[in-house]
Amino acid sequence: MSNYDLSSEELQRYDRHIILDEIGQEGQQKLKESSVLIVGAGGLGSPVAYYLAAVGIGCIGIIDFDEIELSNLQRQILHSTSNIGSFKVDSAEKSLKALNPNLDIITYQASLKTDNVEDLVMRYDIVINCVDNFASRYLINDACVSNNIPLIEAGVLGFEGQVMVIIPGKGPCYRCIFPESSKQGRISADKEIGVLGAVAGTIGTLQATEAIKYLLGIGELLFSKLLIYDALHASFRKVELKANPRCPICGDDSSITELNN
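The opening residue of the sequence shown carries number 1 in the UniProt record's numbering; numbering runs sequentially from there.
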């Protein structure tokens, strides 16, 4: 008798996972019992959510306050022309349920702020940040570090993208690598400069892959590393990262004692 709670339909659906030595039925059961919070249902959040739903993550939370615009559709693959004007979280839930009805999809039509961020991140095993502004990135980083929640960060700009994995207490956080700037613009600035939709798909898929590896405890994570993808030159490179002992949130004498927007 096995202790795996996988139905015959799930065994068939995830057959190509289960035959992998690194996953098997035990790993598929872990994924079914896992929960992931995706912040943002746009260019990065769409492929992240799609592949996590396909892989069988049992509970997926998605937070986004935006409505779908026509200009979103060249990269935000969860949404379609008929969804223009709808909330992204509603469109995302519908698409993901159509793909895999076995999942628990929890949506939050809201922005992350100081009064809700900690409560939300603490409900999940891991957080994947897919938003594109400085303030939100720092807020999510600080909440995850303060509550010991793993975080996968990424950004895209033009034909380039980058991904990093943050494990609180074991390496650098986002503030260590990108000290807070007075600039309050979009870090990927996709509205002003543009982004190739396929690059967002590539980077979002890498985020999903890192989350799956973390939840299964397999492979080598992009921990203390920044993976940089250059689509124009078809190249990847890794940059080794170190924690900043003077970081205001995870350093030896952290100065941030409460979250702020």
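Where a beta carbon is used, it is the ideal one built from N, C-alpha and C, also for glycine.
Those residues which DSSP pairs with G161 across a bridge: Translated into the one-based positions of the sequence shown, residue 161 becomes position 161. G161 is bridged by DSSP to V156 and Y229.
First through last residue of the alpha helix (DSSP H) which encompasses T209: Numbered from 1 along the sequence shown, position 209 holds the residue referred to as residue 209. Counting along the chain, the alpha helix (DSSP H) containing T209 begins and ends at G197 to L216.
Assigned secondary structure, V117 (DSSP; H/G/I helix, E/B strand, else coil): For this step, residue 117 is matched to residue 117 along the sequence shown. In the structure shown, V117 sits in a helix (DSSP, three-state: H, G or I).
Candidates I23, P168 and A154, of which the one nearest L215 by Cα: Here the question's residue 215 lines up with position 215 in the sequence shown. Put simply, of I23, P168 and A154 the residue whose alpha carbon is nearest the alpha carbon of L215 is I23.
Residue nearest to V143 in terms of C-alpha spacing, selected from A154, G158, I166 and G161: Working through the sequence shown from its first residue, we reach residue 143 at position 143. Going by the sequence as given, residue 143 is Ala instead of Val. It is I166 whose Cα lies nearest to the Cα of A143.
Burial state of L11 (16 or more Cβ within 10 Å): Residue numbering aside, residue 11 sits at position 11 when the sequence shown is read from its first letter. That one is exposed.
Nearest candidate by alpha-carbon position, reference L5, set R237, N102 and E160: Within the sequence shown, residue 5 is the residue found at index 5, counting from 1. The sequence given here places Asp at residue 5; Leu does not occur at that position. Residue N102 holds the alpha-carbon nearest to the alpha-carbon of D5 among R237, N102 and E160.
N-terminal and C-terminal residue of the alpha helix (DSSP H) that D15 is part of: Working through the sequence shown from its first residue, we reach residue 15 at position 15. Where D15 is concerned, the enclosing alpha helix (DSSP H) stretches over D15 to I18.
Rounded distance between the beta-carbons of V195 and R13, thought under 8 Å: Looking up residue 13 in the sequence shown gives position 13. Looking up residue 195 in the sequence shown gives position 195. With a Cβ gap of about 32 Å, R13 and V195 do not count as contacting.
N- and C-terminal bounds of the beta strand (DSSP E) containing L37: Counting from one through the sequence shown, the residue named residue 37 turns up at place 37. It spans S35 to V39 - the beta strand (DSSP E) in which L37 sits, taken as one unbroken run.
Cβ-based burial, L70 [other Cβ within 10 Å; buried from 16]: Taking the first residue of the sequence shown as 1, we reach residue 70 at position 70. Looking at its Cβ environment, which holds fewer than 16 other Cβ atoms inside 10 Å, L70 is exposed.
Beta-carbon proximity list for Q184, same chain, < 8 Å, skipping 5 on both sides: In the sequence shown, residue 184 corresponds to position 184, counting from 1. Confidence at Q184 is low in this model, with a pLDDT of 41, below 50, so its placement is unreliable and the value that follows should be read with caution. The beta carbon of Q184 lies closer than 8 Å to those of N133, F134 and A135 in the same chain, with the five residues before and after it left out.
Pairwise C-alpha distance: E118 and Y138: By 1-based counting over the sequence shown, the position of residue 138 is 138. By 1-based counting over the sequence shown, the position of residue 118 is 118. Their Cα atoms are separated by approximately 13 Å.
Contact between the region 143-163 and the region 53-67 (3+ Cβ pairs under 8 Å): No, because fewer than three Cβ pairs between the region 143-163 and the region 53-67 fall closer than 8 Å, the two stretches do not touch.
Given L241 as reference, the closest of L227, S235, G161 and S254 once Cα atoms are compared: Counting from 1 along the sequence shown, the entry for residue 241 is found at position 241. The shortest C-alpha separation from L241 is found at L227.
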